[in-house]
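Have a look at the structure below before the remarks.
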Amino acid sequence: GQNIDQPTEMTATEGAIVQINCTYQTSGFNGLFWYQQHAGEAPTFLSYNVLDGLEEKGRFSSFLSRSKGYSYLLLKELQMKDSASYLCAVRPATNDYKLSFGAGTTVTVRA
Amino acid sequence: KAGVTQTPRYLIKTRGQQVTLSCSPISGHRSVSWYQQTPGQGLQFLFEYFSETQRNKGNFPGRFSGRQFSNSRSEMNVSTLELGDSALYLCASSLSQGNSPLHFGNGTRLTVT
Chain A
1 GQNIDQPTEM TATEGAIVQI NCTYQTSGFN GLFWYQQHAG EAPTFLSYNV
51 LDGLEEKGRF SSFLSRSKGY SYLLLKELQM KDSASYLCAV RPATNDYKLS
101 FGAGTTVTVR A
Chain B
1 KAGVTQTPRY LIKTRGQQVT LSCSPISGHR SVSWYQQTPG QGLQFLFEYF
51 SETQRNKGNF PGRFSGRQFS NSRSEMNVST LELGDSALYL CASSLSQGNS
101 PLHFGNGTRL TVT
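Keeping their order, the protein sequence lines are chains A and B. The first sequence begins at 1 in my numbering and counts up one residue at a time. The second sequence begins at 1 in my numbering and counts up one residue at a time.
Set out below in structure tokens:
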């Protein structure tokens, strides 16, 4: 089976930095995705990691360590609009286009 | 380019009825996946279609079925509805290659009473 863990909730202040951790134990690994989902809206793609290391995209960065089964999403210079649920998802197999999702981390940004 | 379109946005059904949900993928995307999202279980994979063929199926009962048409549009059907089927049903399309991400529609909110 697939086991993907992430914290349920995090709170941070506007302008601060927040790091959302994700650990996974899956039957295989062919990439890890991060999605953002605002309440009542569709998840939107943020980042993809398949090799170890850091991928930076503006205020958002994502890190992967395959040997540790670990990833994090780093949100810098937090804005109120960053209040949302952040979903970690793993694609277990090479020819398998289904994703296994974590339960999501709700981030609340306070003024 | 238009995004993934799902219809209807909201549905209210009673136990025992059946329902059909529709999804139009992004133009050029041949892979369509369906997910069920509930507060307790998060996003759960239902099935994935590519070129009218079901390539993957999640751990849902046979009451949940789907199909894909030659224009890549997809439908999913749930028969003999149960209260526990109340959820947000999300459709996602992708290019189905390498690191191509899933692009989600806004979902259909199904309430079973």
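Using N, Cα and C, we set each Cβ at its ideal position, and we do this for glycine too. Computed from a predicted structure; not experimentally measured.
Which class does residue i belong to by DSSP, given the choice of helix, strand or coil?
i: residue 76 of chain A; result: coil
i: residue 46 of chain B; result: strand
i: residue 81 of chain A; result: helix
i: residue 84 of chain B; result: helix
i: residue 26 of chain B; result: coil
i: residue 109 of chain A; result: strand
i: residue 103 of chain A; result: coil
Can a CB atom of chain B be found closer than 7 Å to the CB of residue i?
i: residue 72 of chain A; result: no
i: residue 39 of chain A; result: no
i: residue 57 of chain A; result: no
i: residue 93 of chain A; result: no
i: residue 33 of chain A; result: yes
i: residue 60 of chain A; result: no
i: residue 43 of chain A; result: yes
i: residue 104 of chain A; result: yes
i: residue 29 of chain A; result: no
i: residue 86 of chain A; result: no
i: residue 98 of chain A; result: yes
For the beta strand (DSSP E) that residue i lies in, which residues bound it at each end?
i: residue 50 of chain A; result: Taken as a continuous stretch (DSSP letters only), residue 50 of chain A belongs to no beta strand (DSSP E), as it is neither H nor E.
i: residue 41 of chain A; result: Segment: none, residue 41 of chain A is in no beta strand (DSSP E) and carries neither H nor E.
i: residue 35 of chain B; result: 31-38
i: residue 97 of chain A; result: Careful: residue 97 of chain A lies outside any beta strand (DSSP E) and carries neither H nor E.
i: residue 96 of chain B; result: Neither: residue 96 of chain B is in no beta strand (DSSP E) and is coded neither H nor E.
i: residue 111 of chain B; result: 108-112
i: residue 66 of chain B; result: 64-68
i: residue 68 of chain A; result: Taken as a continuous stretch (DSSP letters only), residue 68 of chain A belongs to no beta strand (DSSP E), as it is neither H nor E.
Suppose contacts are defined by Cβ-Cβ distances below 7 Å. Is residue i in contact with residue j by that definition?
i: residue 100 of chain A; j: residue 25 of chain A; result: no
i: residue 85 of chain A; j: residue 108 of chain A; result: no
i: residue 65 of chain B; j: residue 50 of chain B; result: no
i: residue 93 of chain B; j: residue 26 of chain B; result: yes
i: residue 54 of chain A; j: residue 47 of chain A; result: no
i: residue 97 of chain A; j: residue 48 of chain B; result: yes
i: residue 36 of chain B; j: residue 21 of chain B; result: no
i: residue 52 of chain A; j: residue 65 of chain A; result: yes
Taking 7 Å as the threshold (beta carbon to beta carbon), is residue i in contact with chain A?
i: residue 45 of chain B; result: yes
i: residue 104 of chain B; result: yes
i: residue 42 of chain B; result: yes
i: residue 101 of chain B; result: yes
i: residue 96 of chain B; result: yes
i: residue 31 of chain B; result: yes
What are the residues in the segment 47-72 of chain B lying within 8 Å of chain E by C-beta distance?
Looking at the structure shown, chain E is missing, and the protein chains on hand are A and B.
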